[in-house]
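Quick note on this note's numbering: the sequence shown kicks off at 15 and runs consecutively. Have a look at the structure below before the remarks.
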Amino acid sequence: MATCPACKMDLDQVVAYVLEENKYLVDLDPFQTAFPNLLRWYSDESPVEGSTQKIVYSCPECKKMLLTEYADKKTETILKFLSGELKAVSVDNRIEFVKA
Ligand SMILES: [Zn+2]
Numbered sequence: 015m016a017t018c019p020a021c022k023m024d025l026d027q028v029v030a031y032v033l034e035e036n037k038y039l040v041d042l043d044p045f046q047t048a049f050p051n052l053l054r055w056y057s058d059e060s061p062v063e064g065s066t067q068k069i070v071y072s073c074p075e076c077k078k079m080l081l082t083e084y085a086d087k088k089t090e091t092i093l094k095f096l097s098g099e100l101k102a103v104s105v106d107n108r109i110e111f112v113k114a
């Protein structure tokens with residue numbers, strides 16, 4: 015079982031904030047008469063799959079940020095953390111993952 019290094023709660027899940035890159039077109043909404051100059055956002059493309067730029071994993075209990083991963087440097091750290099293969103420890107105010 016994974017344990018949060020900050021609040022010591024046993025975790026069977028983490029929260030993941032995913033930053034994605036999606037393209038929109040933005041213009042002035044021509045049909046908006048009551049509130050002129052409102053922007054209209056739309057896309058001429060379907061959302062792009064696999065456009066993840068960054069994922070921030072955090073503890074669902076205390077919100078402590080556990081790990082940040084970038085699309086070009088994906089690891090299996092969270093998989094190994096949740097499966098108990100790695101444990102998270104606090105070192106100088108940083109979180110490090112070590113063999114459990
Ligand atoms: Zn926590």
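Every residue gets a Cβ at the ideal spot worked out from N, C-alpha and C, and that includes glycine. Keep in mind the model is a prediction, meaning the values are calculated, not measured.
Here T89 carries a coil assignment [DSSP, helix/strand/coil]. Checking the DSSP bridge columns, you'll see E110 partnered with V103. Environment of ligand 1, chain-ordered: C18, A20, C21, C73, E75, C76 and K78, taking every residue with Cβ within less than 5 Å of a heavy atom. Taking 8 Å as the upper bound for CB-CB distance, Y71 and V28 are in contact here, some 5 Å apart. Buried is the label assigned to L100, since at least 16 other Cβ atoms lie within 10 Å of its Cβ. Here DSSP, grouped into helix, strand and coil, assigns L96 to helix. By the Cβ neighbour-count rule, C73 is buried, with 16 or more other Cβ atoms within 10 Å of its own.
A contact between stretches requires three or more CB pairs, one per stretch, nearer than 8 Å, and the segment 36-45 fails this requirement with the segment 94-108.
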